[in-house]
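For the sequence shown, the residue numbers in my numbering are 8 to 88. First the structure, in the form of structure tokens, and then the observations on it.
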Amino acid sequence: DGKSSVVVGSSVSSRKREIRARIKQLEKRARVLQLIQATVDKQYAGLRDVCVEKRQRLEELLALNLVYDEVSDVEVSFHDG
């Protein structure tokens with residue numbers, strides 16, 4: 008029947024439009040997510056750098072504290088001796 012093929016063709020083209028619109032939406036969301044991911048990656052790299060610096064500083068402070076303890080022990084020995 009000619010009518011049914013027109014209806015089927017119409018619903019197919021309608022479905023194609025819906026799918027194209029959905030693909031467009033998903034592509035837009037994907038671009039937004041890529042931008043967000045890039046921002047998160049930059050923030051993570053920055054935090055990692057800060058953590059490395061803090062760890063180095065803590066290690067320096069620990070080493071200085073050990074030297075301070077040794078100096079204090081020597082001073083006590085001099086005063087006691």
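For every residue, glycine included, the Cβ atom is placed at its ideal position computed from N, Cα and C.
Euclidean distance between Cα positions of residue i and residue j
i	j	result
V39	R55	24 angstroms
D80	N72	12 angstroms
L42	K31	17 angstroms
R36	L69	48 angstroms
K23	S17	10 angstroms
V19	C58	57 angstroms
K85	V78	Inspection of the sequence shows that residue 85 is occupied by Phe rather than by Lys. About 11 angstroms.
R27	Q44	25 angstroms
E60	Q50	15 angstroms
S21	R29	12 angstroms
Cβ-based neighbour list, residue i, same chain, cut-off 7 angstroms, excluding 5 preceding and 5 following
i	result
D87	none
Beta-carbon proximity list for residue i, same chain, < 8 angstroms, skipping 5 on both sides
i	result
V47	none
Own chain partners of residue i with C-beta closer than 6 angstroms, once the 5 adjacent residues on each side are dropped
i	result
V83	none
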